[in-house]
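K.L.:
This is the structure I want to talk about, given as C-alpha cells.
2 protein chains.
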Amino acid sequence: MLLSKATPKSERKKALDEYILKKRLKSTKQRDIIFDEFFNYPGQHVTVEELYEKLKKQNPKIGYATVYRTLKLFKECGLAFERNFGDGRARYEPVKFEGEHHDHLICIGCGRIIEFANLRIEQYSRGVAKLNDFEVLNHKLELYGYCSSCTRGRDK
Amino acid sequence: MLLSKATPKSERKKALDEYILKKRLKSTKQRDIIFDEFFNYPGQHVTVEELYEKLKKQNPKIGYATVYRTLKLFKECGLAFERNFGDGRARYEPVKFEGEHHDHLICIGCGRIIEFANLRIEQYSRGVAKLNDFEVLNHKLELYGYCSSCTRGRDK
DNA sequence: CACAAATTGAAATTCAATATCAATATTACA
DNA sequence: TGTAATATTGATATTGAATTTCAATTTGTG
Ligand SMILES: [Mn+2]
Ligand SMILES: [Mn+2]
Ligand SMILES: [Zn+2]
Ligand SMILES: [Zn+2]
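First to last, the sequence lines map onto chains A and B.
Quick note: to get this note's numbering, add 97 to the position in the first sequence (first position is 1).
Quick note: to get this note's numbering, add 97 to the position in the second sequence (first position is 1).
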C-alpha cells in the first residue's frame, strides 16, 4: 500500500485552504476541528456518525449536519474518498497522496478491510474500457469473502 | 458476454420450483406472474419500482411489497443478481447461466451500462486474495465514466 | 463598524428498504 | 374432500441514513 510518500497534513491543510479561497467559502473553526479529527482518526473508513460521536466528546456543540457537510467538502476538493461497502452507510477515508487509487478486500465475517493496489488489474480495466470506447474516470473493485481468521473459525 | 448458452426459462422455472419445495415455501400466482415479467423484462438492471409499475398494468392488484420480496427470493435461490450502482436503488438482473459472473461499465452521462467479463482481471483478483490469505466469495468491479456518445457531446 | 454572503446546528423532510398484520391462499394430511 | 397449519399477500407503518430547511450566527470585505 505504500506506493508513494503520504502527503503531510500541513499540505492537505493548504490544499483545503486554497479550495476554500477559490470557491469563496469561509474558514471556520468547525472545519478546522473536523479536519484535525478526520486526518488523525485511528480507524480506516469512518462513517459520519462515528466521526461525529468522536468529535462531540471534545466539542459538544458541533452538529451532525456540519460533520456530514464537511466530509462532503473534503471529498469535493479531493482530500477524501467516499466509500460504500454495502452496509448502507457511506464511509470516508483520507486520500493519502495525490492521484492515489486503491481497492478493497472486505471480510463478511468480521468486517476487516484490507487495501490493495494492483497495476495489472488497472491495466486490464483500461483495456476493457478502450475496447468499449469508454472514457473511464474512476473504478471500484471490491473482493468480498473471509479473512484468514474468519476462515479458520468457520464451519466448513 | 456470451460465454455459454443462456439457461432456458423453463429450466429456471424448475429451479425456482425446486427451491420453493425445498424451503417449504408455496407456489402462488403472484410469484408466477413476477417470474414471467422479470425474465422477459426488456431492459437490464431493473429496479423494484420499475418492475412493479410494469406489472401493475396487467395486474392492478399486485403489491409493491410482493414484487420486492419476490425479487429477493429470486436472488436467494440464485436466479438473480442484486446490483447497486450508487444511485441509491437496488437493481436486479437475471443470472443468465449457472455460475455466471460479469462486471459493469457505467456511463455517468446517460446511465448506459455495458457488461463485460475479463478472465485476466478475475485471475489477478484471485492472486490478490491469495496474497492476503483471503477466501473470496464474490467480487464487484465497476468502471465509471463516459460512453462514446457521451464523450462526443461533452465540453472537454 | 457595517454589509453581504456563507455557515452552523437543530429540526424537519425525503425516500428506499424493510417490518407489521389482518385477510387470504396454499399445502399436508386425516 | 375437508380442515388445520402455515405461508403469502398487499396495504400501511416504520426505519434509518441522507439531505434539506431555516433562523441565528459567523466570517470576509471594505
Ligand atoms: Mn480504503
Ligand atoms: Mn449486469
Ligand atoms: Zn474476518
Ligand atoms: Zn453515456
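Think of the CB as a built atom: it goes at the ideal place given N, C-alpha and C, for glycine as much as any other residue.
Model, not experiment: these values are computed from the prediction.
Please classify S222/A: is it buried, with 16 or more other beta-carbons within 10 angstroms of its beta-carbon, or exposed?
P.N.:
Result: buried.
K.L.:
Report the option in K126/B, T144/B and A162/B whose CA atom is closest to the CA atom of A177/B.
P.N.:
Among K126/B, T144/B and A162/B, the Cα nearest to that of A177/B is on T144/B.
K.L.:
Tell me, please, whether the CB atom of K253/B is closer than 8 Å to any CB atom in chain A?
P.N.:
For K253/B, the predicted structure reports a pLDDT of 49, less than 50, and the residue's modelled location is therefore unreliable. A value from the coordinates is still provided. Closer than 8 Å: no.
K.L.:
Give the secondary structure of T163/B by DSSP, where H, G and I count as helix, E and B as strand, and everything else as coil.
P.N.:
It is helical.
K.L.:
Is there at least one non-hydrogen atom of ligand 1 closer than 7 Å to the beta-carbon of Q220/B?
P.N.:
No, Cβ of Q220/B sits at least 7 Å from all heavy atoms of ligand 1.
K.L.:
Which class does Y138/A belong to by DSSP, given the choice of helix, strand or coil?
P.N.:
Looking at Y138/A - three-state DSSP - the assignment turns out to be coil, as it is neither helix nor strand.
K.L.:
Could you tell me which residues DSSP puts in a beta bridge with P191/A?
P.N.:
The partner list for P191/A (beta bridge, DSSP) reads A177/A.
K.L.:
Name the DSSP beta bridge partners of L73/B, please?
P.N.:
This structure leaves residue 73/B out entirely; chain B is present only between 98 and 253.
K.L.:
Specify the secondary structure class of D114/A as computed by DSSP and reduced to three states.
P.N.:
Residue state, collapsed to three classes: helix.
K.L.:
From A187/A to A214/A, what does the alpha carbon distance come to, in whole angstroms?
P.N.:
Near 21 Å, if we compare the C-alpha coordinates of A214/A and A187/A.
K.L.:
Does the CB of E239/B have a neighbour CB from chain A at under 8 Å?
P.N.:
It does; some Cβ of chain A falls within 8 Å.
K.L.:
If you measure between the beta carbons of C247/B and G206/B, is that distance less than 8 Å?
P.N.:
Cβ atoms of C247/B and G206/B: closer than 8 Å.
K.L.:
According to DSSP, F213/B sits in a beta bridge with which residue or residues?
P.N.:
In DSSP, F213/B forms a bridge with D200/B.
K.L.:
Between the C-alpha atoms of K151/A and Y161/A, what's the straight-line distance to the nearest angstrom?
P.N.:
If I take the Cα positions, the gap works out to 11 Å.
K.L.:
Is the separation between the beta-carbon of F135/B and that of K106/B shorter than 8 Å?
P.N.:
Result no, Cβ atoms of F135/B and K106/B do not sit closer than 8 Å.
K.L.:
Would a check of beta-carbon distances place A177/A closer than 8 Å to chain B?
P.N.:
Judged by the 8 Å Cβ criterion, A177/A is not in contact with chain B.
K.L.:
In the DSSP assignment, find the unbroken beta strand (DSSP E) run with K237/A in it and report its ends.
P.N.:
Segment E232 to Y243, the beta strand (DSSP E) holding K237/A.
K.L.:
Note down, in chain order, every chain B residue with its Cβ under 9 Å from the Cβ of V143/A.
P.N.:
Ordered by position in chain B, no residue passes the 9 Å Cβ test against V143/A, which lies about 19 Å from the chain.
K.L.:
Run the proximity test for Y243/A: is its beta-carbon closer than 7 Å to any non-hydrogen atom belonging to ligand 3?
P.N.:
Y243/A Cβ: within cutoff of ligand 3.
K.L.:
What's the gap between the Cα of P139/B and the Cα of P139/A?
P.N.:
Roughly 48 Å between the two C-alpha positions.
K.L.:
If you draw a straight line from the alpha carbon of I130/A to that of I210/B, how long is it in whole angstroms?
P.N.:
Each residue's alpha carbon lies about 41 Å from the other.
K.L.:
Could you tell me the distance, in whole angstroms, from the CA atom of R128/A to the CA atom of E179/A?
P.N.:
If you take the alpha carbons of R128/A and E179/A, they lie about 18 Å apart.
K.L.:
Taking C-alpha atoms, which residue in L122/B, K123/B, L118/B and H142/B lies nearest to H199/B?
P.N.:
Of L122/B, K123/B, L118/B and H142/B, the residue nearest in Cα terms is H142/B.
K.L.:
Kindly list, in the order they appear in chain A, the residues whose Cβ is closer than 9 Å to that of C244/B.
P.N.:
In chain order: N229, D230, F231 and E232.
K.L.:
Given that H236/B touches chain A, what residues does it touch there, using C-beta distances under 8 Å?
P.N.:
Within chain A, the residues near H236/B are L238, E239, L240 and Y241.
K.L.:
I'd like to know whether the C-beta of L202/B is nearer than 8 Å to at least one C-beta of chain A.
P.N.:
Yes, contact with chain A.
K.L.:
Use the C-beta contact count for G242/B: other C-beta atoms within 10 angstroms, 16 or more gives buried, fewer gives exposed.
P.N.:
By the neighbour-count rule (16 or more Cβ atoms within 10 Å), G242/B is buried.
K.L.:
Can you list, in chain order, every residue whose CB sits closer than 7 Å to a heavy atom of ligand 1?
P.N.:
So the residues near ligand 1 by this Cβ test are Q141/A, H142/A, F178/A, R180/A, E190/A, H199/A, H201/A, I210/A and E212/A.
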